[in-house]
Amino acid sequence: MKRRFARVLIGGGIVAAALAGAAGPASAAQPADQDGPAVWLVPGVDLGGVLSPTVGLPTALLAPVDKLLTVLHG
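Numbering of the sequence shown is given in the numbering used here, commencing with residue 2 and proceeding in unit increments.
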């Protein structure tokens, strides 16, 4: 029983440490040299330059559905 409890505590500690490390400070301000939106992989790793062409895709793909639902709803 003690061994099981120790494993649970160690596992919980690992999860807590991982979440604390991932929840570090991140600035929401957009850098001046970046054209697209900031897309954070983890704090400090910005993928906005790589992913900026794909940010508008969900909106563009769902626009016809939104128009259809707007017409149907009245």
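Every residue, glycine too, gets a C-beta built ideally from N, C-alpha and C.
As the structure is a prediction and not an experimental result, all values here were calculated from the model.
- A straight line joining the alpha-carbon of residue 2 with that of residue 19 spans about 26 angstroms.
- Per DSSP, the unbroken beta strand (DSSP E) holding residue 43 starts and ends at 41-43.
- A residue is called buried when at least 16 other Cβ atoms come within 10 angstroms of its Cβ; residue 47 meets this threshold and is buried.
- DSSP, read as helix, strand or coil, puts residue 16 in helix.
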